[in-house]
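Inspection log for the structure reproduced underneath, given as structure tokens.
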Amino acid sequence: MARGRHRSEQVSRRSAVERVAATRSSRRSRAIAPWVVVAIVLATVVSGTTFGYLWVTASCGGSPVELSIAASPDQAPVVESLAEKWQDDAPEIDGRCAEISVRAVQSAEVANSLTTNWKADSDEPRIDVWMPDSSIWVQSAAARTEIAEMVSNKPTLIAKSPVVMALPKPMAEALGWPDKVISWAELAKARVAGTTWARYQHADWGPLKIGIGDPRASFAALGTLLSVADADGNNAVAEAELGNALVLSRASTVTDVTADAFIAKMRQVTSEGALKDAGPFPATEAQVAAYDNAKPKVPLVAVNPLEGTVFADYQYLVLKADWVDSVRQQVAAEFLKYLQGDESRKAYGAAGFRDPQLSTQYAVGLDTELGMGQTAEAARELPEPKSVTQTVGYWTALQRRANLLAVIDSSGSMAEPAPDGSGTRMQVVQQACLRADALFHPESSVGSWRFSTNLDGDKDYEEMVPIGPVGGQLPDGTPRRDALDASVYRDLQPEGSTGLYDTLLAAYKFMQENWLGDNRLNLLVLMTDGKNEDPDGISQQELIQQLRATANPDKPIQVLIIGYGPDTDLVELKTITNAVGGNAYPARTGADIEKVFLATLIGRES
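For the sequence shown, position 469 matches number 469 in the UniProt record's numbering, and the numbering has no gaps at all.
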């Protein structure tokens, strides 16, 4: 409840109200002078208008009307404080006391958990008004068919705050701030390249670290991801620009989900020399201001990155739900009026928020010496909804842990021209493999085989790189990702025929023996440009029978066969994959191959 230091007083007041309507606490009795009450009543009578909301001191009776608000954590303290002040003036609706409870809830959590089936006896808290940190979460909730009507009321904009790069001041200065504009993309590339702070004369800080957060849960993270991905700033993310998201994903080394979590860690930093676990992270200007206003040992600066910034737009949305009756709607409407007044604007400003017009006239909580309060010239729009969905889906895929064996056709026909004329079939597959390798999270397990005929005695297949964590090392110390990339050109030399059936069966059995749990995607991907050409091997019928006999429902393995080129029989390949769960896809270009990998990681059909 938004009662703060008055909590015990208000609890006793509620009990008194419920016992005797005329019994009031001292806080209610001092709320409004009698002549103000008379003036309001007279105005109401003269105008002939009936108001449900009256400022009175002695007629409040019955059980209070409680309005339940779910607000994003960064603004929740402000909303709670304002709700308490509003209640100090004894608001009433149709003679009943009006009270407000405020809960701090991540906006993405509300967007994902809203339900039309809430019941009064439920353990889940009720939500009457939702105050997210961005309209994008309202759009996300509206995308759920059963919730669309629930969030269809027009929201009201309460405040704004730019998404900035939050950076410990000593680190920002080491990077050249404020004279130099700092870029997320440049920092991400430096991190991927293994850059350390020694490059900036601070070896004691160790490797360069970057925290992005989870764009599915944090608007600051989402806004940063979209700004970096949409490199040309045209409010759309083209497929060619998704590589920017890849670099940002691979550069993110700090696993906290939200800016609140990053800031909580910063509060534990006691000196400039204790920054080895710190680094830049996305946050709103208001969040940085709240941190700095507490006078920490190491302040944060709000850097406007080269990529520009999007604004968090804080909304006030009354839900269309059965439990939000006309009385609660009146309470919500009256509290909204209060939130739009000067007192509330000043309260938001003191906490570091800008007003809906982006003005900083009330924002006394912004320290310009720490990069705050700059003009909104670098503001940019969010990309179109389709691009947002695509980019978040791509990011999601990049975070997914997999257990993958890639089995690649190296038969002689792979030396023939590619269908799109961009080189030989093998050259196109090699390049696609290198790009696909970058999609996999460092904690994913990846290994590779090649196959044709009689590669290892009478076996049609041969291991190129043993399966293991892609971010780890081989026994000789070679990074596995480097080994995977090197083997693509070293080992994939076209020769022999296509020993498809024996290879697929052996690979499937291998994956059953090396299956991994922990919600990993166990995946067998085989790329081929032709049909089975091993007369001494098993038949298609024998292959299907043995695959079914080997399959274990407790150890599901997704089998994908990519048929590359005009000589593949897609019907035959689908017959095989259907036997154990999976699919077969045609591919004419290297981009087609990459799309299959990406679609599989995201969890949808290519």
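Beta carbons: idealized from backbone N, C-alpha and C, even for Gly.
In this structure, I408 sits near S448, with a CB-CB distance shorter than 8 Å. A contact is defined here as three or more CB-CB pairs under 8 Å, and the segment 584-596 fails this definition with respect to the segment 217-230. V388 and F262 have their C-alpha atoms some 24 Å from each other.
Secondary structure of Q315 (DSSP, three-state): strand. In this structure, DSSP gives A587 an extended state, which the three-state scheme calls strand.
When the five nearest sequence neighbours on each side are left out, the beta carbons in the same chain lying within less than 7 Å of the beta carbon of T195 are those of L208, in order along the chain.
Cβ neighbours of A217 within its own chain (closer than 8 Å, five residues either side excluded): Q106, A108, E109, V257 and T258. Counting other Cβ atoms within 10 Å of its Cβ, V571 stays below 16 and is therefore classed as exposed. The beta carbons of P132 and A104 sit about 12 Å from each other, so the pair does not count as a contact at 8 Å.
Scanning the segment 470-499 for uninterrupted alpha helix (DSSP H) segments of 4 residues or longer gives 480-490, listed from N- to C-terminal end.
Ranking R481, A402 and D277 by CA distance to the CA of P556 puts A402 first. Secondary structure note for F219: it is in no beta strand (DSSP E), and the uninterrupted alpha helix (DSSP H) holding it is F219 to A229. In this model, D567 and V288 are separated by some 59 Å (Cα to Cα).
Annotation: E99 to A351 spans about 23 Å, alpha carbon to alpha carbon. C97 is bridged by DSSP to E92.
Nearest to A221 by C-alpha distance, out of A198, K189 and W184, is W184. Every beta strand (DSSP E) stretch that sits fully inside the segment 523-565 and reaches 3 residues is listed by chain position as 558-564. Take the alpha-carbon of A111 and the one of Y314: they are about 14 Å apart.
A432 has its alpha-carbon roughly 21 Å from the corresponding atom of K531. In its chain, beyond the 5 residues on either side, M414, A415, L492 and P494 have a beta carbon closer than 7 Å to the beta carbon of M426. The C-alpha of A143 is placed about 47 Å away from the C-alpha of T498. For I593, the secondary structure class from DSSP, reduced to helix, strand or coil, is helix. DSSP places Y362 outside both helix and strand once states are collapsed to three, so it counts as coil.
Taken atom to atom, the span from the alpha-carbon of D123 to that of S113 is near 14 Å.
For T253, there is no enclosing beta strand (DSSP E), since its DSSP letter is neither H nor E. In the structure shown, the three-state DSSP call for R435 is helix. Residues A174 of the same chain have their beta carbon placed closer than 7 Å to that of H202, with the five preceding and five following residues left out of the count. The C-beta of L82 has 16 or more other C-beta atoms within 10 Å across all chains shown, which makes the residue buried. Judged by their CB atoms, V303 and E272 are not nearer to each other than the 8 Å cut-off. For G447, the enclosing beta strand (DSSP E) covers residues S445 to D456.
Contact check between the segment 363-379 and the segment 575-584: fewer than three CB pairs, one atom from each, fall below 8 Å, which does not count as touching.
By the 16-neighbour rule on beta-carbons within 10 angstroms, D502 is buried. The DSSP-derived three-state label of L248 is helix.
In the same chain as M464, and ignoring 5 residues on each side of it, the C-beta atoms closer than 7 Å to its own belong to S448, W449, R450, S487 and D491, in chain order. Under the 8 Å Cβ criterion, the segment 85-92 does not count as touching the segment 145-165, having fewer than three qualifying pairs. In the structure shown, S81 falls within a helical segment according to DSSP collapsed to helix, strand and coil.
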